[in-house]
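J.: Residue numbers (the numbering used here), protein chains in the order written: chain A, 1 to 358; chain B, 1 to 358.
2 protein chains.
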Amino acid sequence: MKLHAVIMAGGSGTRFWPLSRAGRAKQFLDIVSSKSMIQEAVERILPLVPPERISTIADREKTEVIRRHLPGLPGKNLWIEPLARNTAPCLMLATAKIYLEDPETVVAVLTSDHLITQKEKFLKKLRAAADAASRSLDFVTFGIPPTFPSTGYGYIHFSRETPVVHSGEEFYPVREFKEKPKFEQAVEFLGSGDYFWNSGMFVWRADAFARKLEKHAPGLFPFWGRLLKVLKEDDKRGLLEIFREIPSISIDYALMEKARGVLVEEGDFGWSDVGAWSSLFDIWPRDERGNALKGDAILLDSENCLVYNPGKLTALVGTKDLIVVETEDALLVCRKDLDQKVRDIVESLKKGGKSDFL
Amino acid sequence: MKLHAVIMAGGSGTRFWPLSRAGRAKQFLDIVSSKSMIQEAVERILPLVPPERISTIADREKTEVIRRHLPGLPGKNLWIEPLARNTAPCLMLATAKIYLEDPETVVAVLTSDHLITQKEKFLKKLRAAADAASRSLDFVTFGIPPTFPSTGYGYIHFSRETPVVHSGEEFYPVREFKEKPKFEQAVEFLGSGDYFWNSGMFVWRADAFARKLEKHAPGLFPFWGRLLKVLKEDDKRGLLEIFREIPSISIDYALMEKARGVLVEEGDFGWSDVGAWSSLFDIWPRDERGNALKGDAILLDSENCLVYNPGKLTALVGTKDLIVVETEDALLVCRKDLDQKVRDIVESLKKGGKSDFL
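1. Name the residues in the region 341–352 of chain A whose C-beta lies less than 9 Å from a C-beta of chain B; which are they?
2. Using the three-state DSSP reduction, which class does B/T14 fall into: helix, strand or coil?
3. In whole angstroms, what separates the C-alpha of A/G154 from that of B/S279?
4. Is it true that the CB of B/V109 sits closer than 8 Å to the CB of B/P130?
5. Which same chain residues, not among the five before or five after B/D363, have their C-beta less than 6 Å away from its C-beta?
6. Any contact between the region 250–258 of chain B and the region 96–106 of chain B? By contact I mean 3 or more CB pairs, one from each, below 8 Å.
7. Between A/G143 and A/W197, how many whole angstroms is the CB-CB distance? I'm expecting something under 8 Å.
8. Measure the beta-carbon distance from B/E303 to B/G290 and round it to whole angstroms, keeping in mind my assumption that it falls under 8 Å.
9. At what residue ranges does the region 42–122 of chain B contain a whole run of the alpha helix (DSSP H), taking only runs of 4 or more?
10. Determine the direct distance from the alpha carbon of B/E170 to that of B/L126, and round the result to whole angstroms.
11. Under 8 Å, with one C-beta from each stretch per pair, do the region 335–351 of chain B and the region 327–334 of chain A reach the 3-pair mark?
12. Quick one: Cα of B/T141 to Cα of B/H157, how far?
13. Do A/A132 and A/L239 come within 8 Å of each other at the CB atom, strictly closer than that value?
14. Locate the alpha helix (DSSP H) running through B/G191, then write down its first and last residues.
15. Do A/V393 and A/G23 have their CB atoms nearer than 8 Å?
16. Taking B/P218 as the reference, give the member of B/M8, B/Q118, B/A259, B/P181 with the closest Cα.
17. Compare the beta carbon distance of A/G72 and A/A128 with 8 Å and say whether it is the shorter of the two.
18. State yes or no: is the C-beta of A/I80 within less than 8 Å of the C-beta of A/T63?
19. Using the Cα positions of B/G261 and A/D301, report the straight-line distance between them to the nearest angstrom.
20. As a quick exercise: from B/H216, B/S192, B/Y172, B/I116, pick the residue whose alpha carbon is nearest that of B/E257.
21. Beta carbon of B/L70, beta carbon of B/V42: below 8 Å?
22. Does chain B have any CB closer than 8 Å to the CB of A/N304?
23. Is the CB-CB distance between B/P74 and B/P47 below 8 Å?
24. How far does the beta strand (DSSP E) with A/I136 in it reach, from first residue to last?
25. Any beta carbon from chain A within less than 8 Å of B/R335's own beta carbon?
26. Short check: CB of A/A292 to CB of A/T314, under 8 Å?
27. Name the two residues that bound the continuous beta strand (DSSP E) containing A/P247.
28. Contact check, A/T54 vs A/A5 under 8 Å by CB: the rounded distance?
29. Could you give the distance in angstroms between the alpha-carbon of B/G191 and the alpha-carbon of B/G152?
30. Measure from the C-beta of B/K26 to each C-beta in chain A and report whether the shortest distance is under 8 Å.
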């Protein structure tokens, strides 16, 4: 079985402002370790996938940053989306490239800006998923066991009763993909035990992807043939034209929600989407008063504060539940429970024309 | 009448850390205007005193900083205390220098790190005080009308019934200088109406100072004659010896509390000692939600915050009653009502050997 990993690296992550910027998206930040998230994403799969079969996909600008973060990947594996057209066209391009080399290759679509703490377990599950995908035309996805009724994730409804087993791992037939629910619905999902969070990671054989596209995505399938053609001919202009015309649509909506024959494997390997500053409270080590610090700090009577300020001394006096982030040109002080509003800061900067800070 | 102003500039002001440092005491900070406090202290008296008769007194290190802040003062007017020996020896040295030029000169001892908002009123009162001091051997001091029962200031008990009038201003005989009181006592002082806060500003004729020293300070007076001698001979080594031997004692304790013939003039000219960060809430302009800002800032749901961060963008989200101060190498986030604890930070830095931040 040949396995090719595609690491999607097109996200922006404005919720980590002021650390995240237009040219420094979340996947390039060293917020979960001393390495950037995309470096972690690649390193964790190296025991399973050689660098020659690891690709990234992002726009041209981000790809330049990726090149600096991942010098170990062959330059030809840093794939560029000519235009941002959401995940379906992006993954059609990636899968088409792999299909042209060998249609039976298993494609593992992975994220560049999520945390996985149990790396060995993840690799074991990924290996099993690839095995499962290689043996059939089924798609495999990872479902995260939900821990609270989140309204921020999509859910996967599955059948617990009739699992398929590959490489000793259970795979459950997917009943339905659900978009981000209302709170009451999320509570129901959590209570039923038959729902996972959608992790955004998928595994499929390249030829199976083409067949599912043909069967379930009539609006997209015509572009598949055109893609193969322009890639074979290395026709960059033709590729750009395809991206100008192709519908902008997510892979979930275009394919996953419609496809029969999708299996879900439990992603109980310490996954976190690291969605905003406060999520780091669960990731960074904390002192006995609940403070999580990156950088030198003196704390007086301070509790449950998160400080990112490497290279400078930070002193907190009498502060509680605060997020404090300093960069070269900006400083954020934010109440822990309001960290979603950091996006509003970015919006406000856009409106105010303060593009230096974006 | 000849008037010579002596601006005491030896204070350190650790309560404005991280802006205030060993080499950048409070009087050198631009916290009340775009100028430093010592620049303000000199500029406000220029209509009354020419630069040739304005002197500063501080240690050697601070005097180098003063030179940069006050290029308009003659270099010979930047006087250096050979050793820190509290205010009495410091003012003996200053007054002796003036005495040697002309014993009848009126000496106005002023502070370098206090705010005076009503400058014209201050000048009028200072002129009257100098007039009063020139016509008698009385000392004149400014008493600040107290606005709350502070336990952080010394008090002046005075007789309201029998004021002396000079230049249209009333001068009250001082009954007693009181050290920082307990709270209950401070409440009494405030209620009686016969107490002012001690501003630390004094006016005396040089010869009157010598006579009061002779009469009331037997432990200090022998050094007066020695001072005149070493100054006449420009004997720097002799001056250092005097400072090695002279008792370290405050002018309040050595002279003011004991001297008869001290008058107090009401210092109702918008005085503030600008004691700590939170005092700037009353000085800086505030927005409609009570925020006071120096530097570019975006505020979401934030109230009663003070930000000093020139040159950087600061974003506050959901914060209340916070002081946020950033400098090149340090950041302070402090609850407004705990700003006195900033001194503890400085202590903690000392103990931790982090002298770079002192």
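Cβ atoms here follow ideal geometry from the backbone N, Cα and C, with glycine treated the same way.
T.: Walking through what the data contain:
1. K341, V342, D344, I345, S348, L349, G352
2. As a position in the second sequence, residue 14 of chain B is number 14, starting the count at 1. B/T14: helix per DSSP, three-state reduction.
3. Here residue 154 of chain A refers to the residue found at position 154 when the first sequence is read from its first residue. Here residue 279 of chain B refers to the residue found at position 279 when the second sequence is read from its first residue. In a straight line, the C-alpha of A/G154 is about 50 Å away from that of B/S279.
4. Position 130 of the second sequence, counted from the first residue, corresponds to residue 130 of chain B. Position 109 of the second sequence, counted from the first residue, corresponds to residue 109 of chain B. Here residue 130 of chain B turns out to be Ala, not Pro, going by the sequence shown. Cβ distance not < 8 Å, so B/A130 and B/V109 don't count as in contact.
5. Limits of chain B in this structure are 1 at one end and 358 at the other, which puts residue 363 of chain B out of reach.
6. no
7. For this step, residue 143 of chain A is matched to residue 143 along the first sequence. For this step, residue 197 of chain A is matched to residue 197 along the first sequence. Their Cβ separation, rounded to whole angstroms, is 7 Å, which keeps A/G143 and A/W197 in contact under 8 Å.
8. In the second sequence, the residue the question calls residue 303 of chain B occupies position 303. In the second sequence, the residue the question calls residue 290 of chain B occupies position 290. At roughly 6 Å, the Cβ-Cβ gap stays under 8 Å, so B/E303 and B/G290 are in contact.
9. 60–69, 87–101
10. As a working mapping, residue 126 of chain B is identified with position 126 in the second sequence. As a working mapping, residue 170 of chain B is identified with position 170 in the second sequence. Roughly 12 Å between the two C-alpha positions.
11. no
12. Within the second sequence, the letter at position 141 stands for residue 141 of chain B. Within the second sequence, the letter at position 157 stands for residue 157 of chain B. About 12 Å.
13. Here residue 239 of chain A is taken as the residue at index 239 of the first sequence, counted from 1. Here residue 132 of chain A is taken as the residue at index 132 of the first sequence, counted from 1. No, these two residues do not count as a Cβ contact at 8 Å.
14. Within the second sequence, residue 191 of chain B is the residue found at index 191, counting from 1. Unbroken alpha helix (DSSP H) run through B/G191: 183–192.
15. This structure gives no information on residue 393 of chain A, because the portion of chain A shown stretches from 1 to 358.
16. Against the second sequence, residue 218 of chain B aligns to sequence position 218. That would be B/A259, whose Cα lies nearest to the Cα of B/P218.
17. As a first step, residue 72 of chain A must be located in the first sequence, where it is residue number 72. As a first step, residue 128 of chain A must be located in the first sequence, where it is residue number 128. Not in contact: A/G72 and A/A128 (Cβ atoms no closer than 8 Å).
18. Stepping through the first sequence from its first residue, residue 80 of chain A is reached at position 80. Stepping through the first sequence from its first residue, residue 63 of chain A is reached at position 63. The answer is yes: Cβ separation under 8 Å.
19. Locating residue 261 of chain B in the second sequence gives position 261, counting from the first residue. Locating residue 301 of chain A in the first sequence gives position 301, counting from the first residue. One C-alpha to the other measures close to 49 Å.
20. As a position in the second sequence, residue 257 of chain B is number 257, starting the count at 1. Checked all of B/H216, B/S192, B/Y172, B/I116; the closest Cα to B/E257 is B/H216.
21. Within the second sequence, residue 70 of chain B is the residue found at index 70, counting from 1. Within the second sequence, residue 42 of chain B is the residue found at index 42, counting from 1. Taking 8 Å as the Cβ cut-off, B/L70 and B/V42 qualify as a contacting pair.
22. In the first sequence, the residue the question calls residue 304 of chain A occupies position 304. No, its Cβ sits nowhere closer than 8 Å to a Cβ of chain B.
23. By one-based count along the second sequence, residue 74 of chain B stands at place 74. By one-based count along the second sequence, residue 47 of chain B stands at place 47. Going by C-beta atoms, B/P74 is not nearer than 8 Å to B/P47.
24. Taking the first sequence and counting its residues from 1, the one referred to as residue 136 of chain A is at position 136. First, the residue type needs correcting, since residue 136 of chain A is Ser and not Ile in the sequence shown. Where A/S136 is concerned, there is no enclosing beta strand (DSSP E), given that its DSSP letter is neither H nor E.
25. As a first step, residue 335 of chain B must be located in the second sequence, where it is residue number 335. Output row for B/R335: interface = yes.
26. As a first step, residue 292 of chain A is located in the first sequence; it is residue number 292 there, counting from the start. As a first step, residue 314 of chain A is located in the first sequence; it is residue number 314 there, counting from the start. Going by C-beta atoms, A/A292 is not nearer than 8 Å to A/T314.
27. Walking along the first sequence from the start, residue 247 of chain A turns up at place 247. Segment: none, A/P247 is in no beta strand (DSSP E) and carries neither H nor E.
28. Residue 54 of chain A sits at position 54 when you count from the first residue of the first sequence. Residue 5 of chain A sits at position 5 when you count from the first residue of the first sequence. The sequence as given places Ile at residue 54 of chain A; Thr does not occur at that position. A/I54 to A/A5, Cβ: 5 Å. Contact.
29. Numbered from its first residue, the second sequence carries residue 191 of chain B at position 191. Numbered from its first residue, the second sequence carries residue 152 of chain B at position 152. Each residue's Cα considered, the two are about 17 Å apart.
30. Numbered from its first residue, the second sequence carries residue 26 of chain B at position 26. False, the Cβ-Cβ gap to chain A never drops below 8 Å.
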